[in-house]
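Visitor:
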Amino acid sequence: MPKASPGRRLTILLVLGVGALGMAAPFLWLILSSLKPEHQVFDPSRLLPYAQYVTVDDEEYRAEVEGREYGTSRIRIEEGPRAGEERVVPAQGIVAGRIDSESGERWRVIVLEEVEPTRVTVRLVSDGPLEGERVTVSAAGLREGVRPRFENYLEALTTFDFLRYLFNTLGVVALTILGTVLSCSLCGYAFARLEFPGRGTLFVLLLSTMMLPAVVTMIPSFSIFKGLGWLDTYLPLVVPAFFGNPFFIFLFRQFFKTIPGDLLDAARLDGCSEIGIYWRIVLPLAKPAIATVVIFTFLETWNDFLRPLIYLFDPMKFTLAVGLASFRSYYQTQWHLLMAAAAIMILPVLVLFFVGQKSFKEGVNVSGLKG
Amino acid sequence: MLRLLQSLLVVTTLGAAPAEEPTEITFMLGVASTEETAIWQERLAEFHAAHPDLRIRLINVPNFYDEKLQIMMAAGTPPDIFRVEAYALGEWVERGALLDLKPFYERDPGVSLDDYVPMEVEKWSHRGGFYGISGATETMAIFFNKDCFDRCGVDYPPTDRVWTWDEFVETAKALTRDWDGDGEVDQWGLRMSQWWASWSPFIWSNGGAIFSEDQTRCVIDEPPAQEAMRRIWELMYVHEVLPTGTEMLQMKSMSGDQMLAGGRAAMLLTGQWVLPQMASAGFPMDMAPLPQMDAGPSNIVVSTNYAIFSGTKHPEAAWEAYKLIVSEETQIALARGGVVMPCNKSLLRPEGLSRWTTEGIHPPGHYRSAVAPMIEGTARVLPSLVGMSRIQEEALSHGFDRLWHDEISIEEATRRVARQIDGFLEQSAIDRREREDTWLSSLGGFLGEHLKTIAWGLLAIAAVLAIRFYRGSLDQRRGQEHREKMLGYLFVAPCVLGLLFFSLGPIVYSLFLSLCDWDLLRAPRFVGIQNYRQIFTTDPLFPQALKVTAIYTALTVPIELLAGFTVALLMNVRVRGIGALRTIYYLPSIVPSVATAVLWLWILNPEGLLNSFLDGIGAFDLFGIGRVEWLRNKDTVLPAIVLMNLWSVGRGMVIYLAGLQGIPKELYEAAQLDGAGALRQFWHVTLPLMSPVIFFNLVMGVIFSFQVFNAGYLMTQGGPDHASYFFAYYLYQEAFKYLHMGYANALAWILFAIILFWTVIVFRVFGRRVFYG
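In the order they appear, the protein sequences are chains X and W. Residue numbers for the first sequence, in our numbering: 1 to 371. Residue numbers for the second sequence, in our numbering: 372 to 1144.
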């Protein structure tokens, strides 16, 4: 790694830091949108989710605005040819501290006083003797406070069969992991430590199928699974995992190559069968490789969209990815719920990343090695 | 398990034992509204009370209904009763998927085809059969806001006759107002959608047609039809009473009924299904018929019908259920809300109206505008030609988008659409031609039917071999070498099977299928290179999909490579906090792609993060433009998707970083000793040593970007005007939307060839420059 002067290092950090803001912004936007009530989602000038509060009979309530009767306000114009002029205008004309002039320009203004107060009808929603009542108050009497709306998550989980999808996905993920680890470790071991004719050719053939575009095999695989009568079952998603995956076979092979041969020979001398060697010595040693494969298989399966989309028809059988996709067209414009649903899908992946960072690195190193 | 065996035993011994469980009929609907779902539930409860031996199970699929239905058909497990689009009727009948109901109607004294308005019966008839009534029809009309008329002192549309196009234009002109004189229209005379159902009635009303009489050609570019389209175009660009395509895009966040209710539009051309929204908006509103052009009034019926699956196990029970679903009572229950209208003559004639029209929902002009065209027979339907679902989706739905944006002339627009449709028609004509059976066809049919047996056979052989290998590996009489060989075969057996079944097998099978005509429902038929010939000669979508995918690849691969490598270079320093930065850059690339798509849909929304950010830094003021509709503008849609992919730059970054960290320090030290500066070190040490990694990423990048699917499917549906019609999406549509399975297999092979070609090119051009140390 080249040495860098402190000045250069600072510049690099700065550049990367600004970039990091860009990378993190979508996440923040996701979380913030997912915590807003529906009507606040479209107001980008207000970053944080907020609620309105009103005090009635010395008791503070959270209030939901149901109606608004605009009054008039006396304002002073702050910019443009008429700067300094005071006039009385309808209150709804003032948007974000500006009004539209007759000529179509927007002028910044300062509200001096409310001539006729704007009045709002609110429903009191938090605990208290007047809960559920409707009252009309002056708009100036409404206070705003930051309040994340966690109910969105509950709503996203319950109005849609998200828990069921979660369960389905976990089932598919677990079986896929089991199949992948079993089949790929066997093959990887054979390629790494066992001599048999045709080994090299087979290995090259296997690796070259990694280049095979998934979209190209999609339609013929569908045809085959239809022929087998497996459509609308989890079999097309799970069964192939038990028949190896070139990338993970490669990963296991690389790992098994590092196991000292003396160890295996010693076991053989002790009369251990070849299968016994694999099962009692090699596999327990392979825990780091298994962890990497488990994590990457989890990600791949959890994120997979195309295959569940074409193989599962019954909404009851959907996985999270397909569920979220149909959630999207169902709740087209309810971005707060959509964002909550997306967050629910992303969260486990992030947790997995932080728990298994080391194994992640392992997998990346191998995928770089492939080059 | 024991219980299962027992019941099996009971069934086999008793044979035809009386069924205790009621017969279950599945009924698939695609309903999004909770009110409508409630109506169905209520109707079904009544039905169950009256028929204790029958049970209707409602499957509601509000999204991707058509795809779902087709796939269920393909799997051989469709619902017994389902809803079909009018234009797709012919296709379903040709595939043999629908039950002919004529014999049932003739036999059952309770119902008769004479109960329905003749045009509905005609519409659901095909080649002498009848395949189910709609029970809920829909037509188009002009809705108008009376306040707007009053405010402008304009007379309401005439009630004693159907108004003429000129009267309509004059009215619209008088209603188009710029109240504050700022040069922008505040009240539009008219608003209409660009959907084909909005403009096709005028083609008929002007004496034109969309299809030639023998239905082999599209005649939308002939004078009467072209003239009708010109008149609609004039509403935008000559009379300026209808928002243009561009203005329409900017208003997209406001729906037509909101514009009408808010007085932003005085008239709205849409279907009568908006009545519930109109009623709840609560403003003085009425309806007028569609204005007539030179050949008299016209209208369009855009309903869907209920059909019974031809392979249902319980035709009699399904017939009973069907009768309930289209019964007068159900029609009334559904029509009361305003979304649909009945199709029974008794209900549509003036004396039957009171049974389903609702005060406050159906305005006085409703009968004249929406019902009369059906009774009088002036309303028409799109013909249900084979290939129609593709024609309406790919040609009619967006074919005129560029005309509405005034980017091409009317002559060119109509000619383009006509030729595109001709291409589709030619294709389906070839598809329908009878073919001779050859030994290859029989092989196709055989393979398709006996795949299961073949698979079991192969598995059995594999099992026998596996046992042999296992025995061999334990065989102490033979040497270590032999045991190892046996075990090696045993251990690689799963992946060899996987190779055969899930990658090489499918590829070979696919080559065979690409030479077949196959709709999943019938056995594949061998047709030689016909699919390939069609793709290269008649299919208008192939060049478009290729172009879009190529442009996308040319944009995204270099950008991602450059960005990933640059970030990795910057990240390759040892400073406090770099770990956290690396994590932040990496995280987006592990976010599930569906979640990424949904999130970026919101970010790229006109009110989303990107526009807010650009607005915040004053970018829009700088260029003097409004908020950008990133995904709805054909020039910005691909860059927007590239930007979204750039968010996942961490995927490449970590791989480059791993490579950079693997470069031995000594090399840099040696270079420094030789007096090489930072730039020369980069050029002579870093780049050569990194070249294998860069090269690998380049090849994989090309392979992946040719397969991009999610963005097209989830975010843009290939639009606008096919501007994001990615190859993989095209392939998906052909396979699962239009059931052109053989055709899609041919496309898959072409994609395979293209990817192979580019991989070879990448190897040739860059491979030589790669330094393998």
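Note that the Cβ used here is the ideal one computed from N, Cα and C, for glycine as well.
Can you tell me where the alpha helix (DSSP H) with residue 745(W) in it begins and where it stops?
Guide: Mapped onto the second sequence, residue 745(W) falls at position 374. Counting along the chain, the alpha helix (DSSP H) containing residue 745(W) begins and ends at 743 to 746.
Visitor: Below 8 Å between beta carbons is the criterion; list the residues of the region 862 to 887 of chain W that meet it against any residue of chain X, in chain order.
Guide: 862, 863, 865, 866, 867, 868, 869, 870, 872, 873, 874, 875, 876, 877, 878, 880, 881 and 884
Visitor: Nearest chain W C-beta to residue 110(X) closer than 7 Å, yes or no?
Guide: For the purposes of this step, residue 110(X) is identified with residue 110 of the first sequence, where counting begins at 1. For residue 110(X), the answer is no, since every Cβ of chain W falls outside 7 Å of its Cβ.
Visitor: Rounded to whole angstroms, what is the Cα-Cα separation between residue 495(W) and residue 511(W)?
Guide: Here residue 495(W) refers to the residue found at position 124 of the second sequence. Here residue 511(W) refers to the residue found at position 140 of the second sequence. Rounded to the nearest angstrom, the two C-alpha atoms are 20 Å apart.
Visitor: Given a cut-off of 7 Å on the beta-carbon distance, is the pair residue 545(W) and residue 574(W) in contact?
Guide: Position 174 of the second sequence holds residue 545(W). Position 203 of the second sequence holds residue 574(W). No, these two residues do not count as a Cβ contact at 7 Å.
Visitor: Which residue comes first and which comes last in the alpha helix (DSSP H) that contains residue 982(W)?
Guide: Along the second sequence, one-based indexing puts residue 982(W) at 611. From DSSP, the alpha helix (DSSP H) with residue 982(W) extends over 980 to 987.
Visitor: For the region 894 to 910 of chain W against the region 234 to 251 of chain X, are there 3 or more C-beta pairs whose distance is under 8 Å?
Guide: no
Visitor: Who are residue 394(W)'s beta bridge partners in DSSP?
Guide: For the purposes of this step, residue 394(W) is taken as residue 23 along the second sequence, with counting starting at 1. DSSP, once it has assigned bridges, lists 425(W) as partnering residue 394(W).
Visitor: Taking only beta-carbon positions, decide if residue 277(X) is within less than 7 Å of chain W.
Guide: Taking the first sequence and counting its residues from 1, the one referred to as residue 277(X) is at position 277. Under the 7 Å criterion on CB atoms, residue 277(X) is classed as non-interfacial with respect to chain W.
Visitor: Suppose contacts are defined by Cβ-Cβ distances below 7 Å. Is residue 264(X) in contact with residue 862(W) by that definition?
Guide: Against the first sequence, residue 264(X) aligns to sequence position 264. Against the second sequence, residue 862(W) aligns to sequence position 491. Taking 7 Å as the Cβ cut-off, residue 264(X) and residue 862(W) do not qualify as a contacting pair.
Visitor: Give the straight-line distance between the Cα atoms of residue 335(W) and residue 750(W), rounded to the nearest whole angstrom.
Guide: Since the displayed chain W opens at 372 and closes at 1144, residue 335(W) lies outside it and no answer follows.
Visitor: What are the residues of the region 962 to 988 of chain W that lie near chain X, defined by any Cβ-Cβ distance shorter than 9 Å?
Guide: 962, 963, 964, 965, 966, 967, 968, 969, 970, 971, 972, 973, 974, 976, 978, 979, 980, 982, 983, 984, 986 and 987
Visitor: Which of the three DSSP states is assigned to residue 967(W) in this structure?
Guide: Taking the first residue of the second sequence as 1, we reach residue 967(W) at position 596. Of the three classes helix, strand and coil, the one that applies to residue 967(W) here is helix, per DSSP.
Visitor: Going straight from the alpha carbon of residue 173(X) to that of residue 893(W), what length do you get?
Guide: For this step, residue 173(X) is matched to residue 173 along the first sequence. For this step, residue 893(W) is matched to residue 522 along the second sequence. Approximately 34 Å, taken between the alpha carbons.
Visitor: What's the C-alpha gap between residue 362(X) and residue 289(X)?
Guide: For the purposes of this step, residue 362(X) is taken as residue 362 along the first sequence, with counting starting at 1. For the purposes of this step, residue 289(X) is taken as residue 289 along the first sequence, with counting starting at 1. Each residue's alpha carbon lies about 8 Å from the other.
Visitor: If we cut at 7 Å on Cβ distances, does residue 217(X) have a partner in chain W?
Guide: Residue numbering aside, residue 217(X) sits at position 217 when the first sequence is read from its first letter. Closer than 7 Å to some Cβ of chain W, the Cβ of residue 217(X) qualifies, so yes.
Visitor: Spell out whether any CB of chain W is found under 7 Å from the CB atom of residue 177(X).
Guide: For the purposes of this step, residue 177(X) is taken as residue 177 along the first sequence, with counting starting at 1. Chain W contact via Cβ: absent.
Visitor: Within the 7 Å Cβ cut-off, does residue 316(X) reach chain W?
Guide: Taking the first residue of the first sequence as 1, we reach residue 316(X) at position 316. No, no contact with chain W.
Visitor: Measure the CB-CB distance between residue 225(X) and residue 442(W) and report whether it falls below 7 Å.
Guide: Reading the first sequence from its first residue, position 225 is the one you call residue 225(X). Reading the second sequence from its first residue, position 71 is the one you call residue 442(W). It is not a contact, given that the beta carbons lie outside the stated cut-off.
Visitor: Please tell me whether residue 439(W) has its Cβ less than 7 Å away from any Cβ of chain X.
Guide: Counting from 1 along the second sequence, the entry for residue 439(W) is found at position 68. At least one chain X Cβ lies under 7 Å of residue 439(W).
Visitor: For a contact defined as C-beta to C-beta under 9 Å, what are the partners of residue 1130(W) on chain X?
Guide: For the purposes of this step, residue 1130(W) is taken as residue 759 along the second sequence, with counting starting at 1. In chain order: 211.
Visitor: Anything in chain X within Cβ reach of residue 1081(W), meaning under 7 Å, just list it in chain order.
Guide: Indexing the second sequence from 1 puts residue 1081(W) at position 710. Under the 7 Å cutoff, chain X gives 305.
Visitor: Give the straight-line distance between the Cα atoms of residue 326(X) and residue 35(X), rounded to the nearest whole angstrom.
Guide: In the first sequence, counting from the first residue as 1, residue 326(X) sits at position 326. In the first sequence, counting from the first residue as 1, residue 35(X) sits at position 35. Answer to the nearest angstrom: the Cα atoms are 21 Å apart.
Visitor: Under the three-state reduction of DSSP, which class applies to residue 1034(W): helix, strand or coil?
Guide: As a position in the second sequence, residue 1034(W) is number 663, starting the count at 1. Looking at residue 1034(W) - three-state DSSP - the assignment turns out to be coil, as it is neither helix nor strand.
Visitor: At what residue ranges does the region 759 to 789 of chain W contain a whole run of the alpha helix (DSSP H), taking only runs of 4 or more?
Guide: 772 to 775
Visitor: Residue ranges of each beta strand (DSSP E) run of no fewer than 3 residues wholly in the region 619 to 680 of chain W, ordered along the chain?
Guide: If we require 3 residues or more, the beta strand (DSSP E) runs fully inside the region 619 to 680 of chain W come out as 636 to 642, 656 to 659 and 675 to 679.
Visitor: How would you call residue 834(W), buried or exposed, if buried means at least 16 neighbouring beta carbons within 10 angstroms?
Guide: By one-based count along the second sequence, residue 834(W) stands at place 463. Its Cβ having fewer than 16 others within 10 Å, residue 834(W) is exposed.
Visitor: Please confirm if the region 265 to 280 of chain X is in contact with the region 293 to 313 of chain X, defined as three or more CB-CB distances below 8 Å between the two stretches.
Guide: No contact exists between the region 265 to 280 of chain X and the region 293 to 313 of chain X.
Visitor: Cβ of residue 918(W) less than 7 Å from any chain X Cβ?
Guide: Here residue 918(W) refers to the residue found at position 547 of the second sequence. So no, residue 918(W) is outside the interface.
Visitor: Write down the C-beta distance between residue 433(W) and residue 403(W) rounded to the nearest angstrom, noting that I regard them as a contact closer than 8 Å.
Guide: The count along the second sequence starts at 1 and reaches residue 433(W) at position 62. The count along the second sequence starts at 1 and reaches residue 403(W) at position 32. The pair is a contact, with the Cβ atoms about 4 Å apart (cut-off 8 Å).
Visitor: Give me whichever residues DSSP pairs with residue 134(X) in a beta bridge.
Guide: The residue given as residue 134(X) occupies position 134 in the first sequence. Here residue 134(X) is bridged, per DSSP, to 123(X).
Visitor: Would you please state the rounded distance, in angstroms, between the beta carbons of residue 732(W) and residue 709(W)? I believe it to be under 8 Å.
Guide: Translated into the one-based positions of the second sequence, residue 732(W) becomes position 361. Translated into the one-based positions of the second sequence, residue 709(W) becomes position 338. With a Cβ gap of about 4 Å, residue 732(W) and residue 709(W) count as contacting.
Visitor: Give every residue of the same chain whose Cβ lies closer than 7 Å to the Cβ of residue 1017(W), excluding the five residues on either side of it in the sequence, and list them in chain order.
Guide: Indexing the second sequence from 1 puts residue 1017(W) at position 646. Once the five neighbours on either side are set aside, the close Cβ partners of residue 1017(W) are 930, 931 and 934.
Visitor: Looking at the C-beta of residue 716(W), does it have a partner C-beta in chain X at a distance below 7 Å?
Guide: In the second sequence, the residue the question calls residue 716(W) occupies position 345. False, the Cβ-Cβ gap to chain X never drops below 7 Å.
Visitor: Whole angstroms is fine: what's the gap from residue 462(W)'s alpha carbon to residue 121(X)'s?
Guide: Translated into positions along the second sequence, residue 462(W) becomes position 91. Translated into positions along the first sequence, residue 121(X) becomes position 121. Using only the alpha carbons, I get a separation of about 56 Å.
Visitor: According to the neighbour-count rule (16 or more other Cβ atoms, all chains shown, within 10 Å of its Cβ), is residue 625(W) buried or exposed?
Guide: For the purposes of this step, residue 625(W) is identified with residue 254 of the second sequence, where counting begins at 1. Label assigned to residue 625(W): exposed.
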